[in-house]
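Below: the structure, in structure tokens.
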Amino acid sequence: MLDGQVTYVSADTFVEEQTGLAYYKALIEIDSKQLTQLQEKIQLYPGMPVEGLILTGSRTLWGYLIAPIQDSFARAFREQ
5 MLDGQVTYVS ADTFVEEQTG LAYYKALIEI DSKQLTQLQE KIQLYPGMPV
55 EGLILTGSRT LWGYLIAPIQ DSFARAFREQ
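Heads up: the sequence shown begins at 5 in my numbering, then just goes up one per residue.
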């Protein structure tokens with residue numbers, strides 16, 4: 005696994021012709037030390053597909069449980 009920083013994400017999805025699956029194009033910068041260590045084991049090529057996990061923050065179990073209730077209260081008091 006490598007750590008990197010997402011520098012660009014496409015505004016819309018693209019569709020894989022063979023599978024019909026939708027995906028986003030993204031640019032990810034990887035630290036040069038990690039890249040050097042990886043290239044000792046694996047050869048990378050431009051355009052190679054990757055699977056990434058994007059960390060957006062953390063929540064407690066209580067936060068997960070109470071979020072739907074908070075969302076419904078927030079919507080209940082809005083005028084449409």
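Glycine is no exception: its CB is placed at the ideal position from the N, C-alpha and C atoms.
#1: Looking at the structure shown, is Tyr-28 part of a helix, part of a strand, or coil, going by DSSP?
#2: When you compare the stretch 23 to 38 with the stretch 5 to 12, are there three or more beta-carbon pairs, one atom per stretch, that lie closer than 8 Å?
#3: Helix, strand or coil for Ile-46 per DSSP?
#4: From Ser-36 to Glu-44, what does the alpha carbon distance come to, in whole angstroms?
#5: According to DSSP, Gly-67 sits in a beta bridge with which residue or residues?
Taking the definition as stated:
#1: Reading the sequence shown from its first residue, position 24 is the one you call residue 28. If DSSP states are grouped into helix, strand and coil, Tyr-28 belongs with coil.
#2: yes
#3: Here residue 46 corresponds to residue number 42 of the sequence shown, with the count starting at 1. Residue state, collapsed to three classes: coil.
#4: The residue you call residue 36 lines up with position 32 of the sequence shown. The residue you call residue 44 lines up with position 40 of the sequence shown. Their Cα atoms are separated by approximately 13 Å.
#5: Numbered from 1 along the sequence shown, position 63 holds the residue referred to as residue 67. Per DSSP, none; premise fails for Gly-67.
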